[in-house]
Amino acid sequence: MHAPLAPGYRPALSNGWWLSNRRYFLYMVRELTAVFAALWAIIFVTQLPQITAGAYSNPASLVSSPLWFAFSLVSLAFVLYHAWTAFNATGTLIYLRMGPKPIAGGSLNAAMFIAWALATFVIAFVFVTPAIGG
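If you're matching positions, the sequence shown starts at 496 in my numbering and goes up one per residue.
Structure below.
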């Protein structure tokens, strides 16, 4: 027979444990941002079959509502916060070497933000150019 196991240590945590420390709070907010991004993507993707079936007015009425616009703005803010924190963590989480020397974390962070800015510029250029160039 097996001997009974001693009970493990279980610290007592309140439901608001993450509210007691600013870093815990920001971490929990970052985790919550993924929920808003997923909800926005799910709602958007579920409209695609309706658009391909030719029922364009139903999805168009949803995305033109003020509630959808507000939800999209909140989702955008959360996704930008999520990206910002992910890019800031890159230098700590990724160990990259070029030859015998490691690349500094700050350089990796800078590269991520530069890539983000370039991608934003290219996407904005693609969207704005037809309106400008006619």
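C-beta: ideal position from N, C-alpha, C; glycine also.
Note that the structure is predicted; figures quoted are calculated from it, not measured.
Residue burial is scored here from C-beta neighbours: residue 603 has at least 16 other C-beta atoms within 10 angstroms and is therefore classed as buried. About 21 angstroms separates the beta carbon of residue 570 from that of residue 608, a gap too long to meet the 8 angstroms contact definition. Counting C-beta pairs with one atom in each stretch, the region 526-540 and the region 555-570 have three or more that are closer than 8 angstroms, which means they touch. When the beta-carbon positions are compared, residue 547 and residue 577 stay at least 8 angstroms from each other.
Here the alpha carbon of residue 497 sits roughly 29 angstroms from the alpha carbon of residue 507.
If you ignore the 5 residues before and after residue 563, its C-beta comes within less than 7 angstroms of the C-beta of 557, all in its own chain and listed in chain order. Residue state for residue 544 is assigned as helix, using DSSP reduced to three classes. For residue 512, there is no enclosing alpha helix (DSSP H), as DSSP gives it neither H nor E. Comparing C-alpha distances from residue 605 to each of 624, 587, 596 and 515 shows the shortest one belongs to 587. Note: residue 607 is not bridge-paired with any residue in the DSSP secondary-structure output. The C-alpha of residue 615 is placed about 15 angstroms away from the C-alpha of residue 572.
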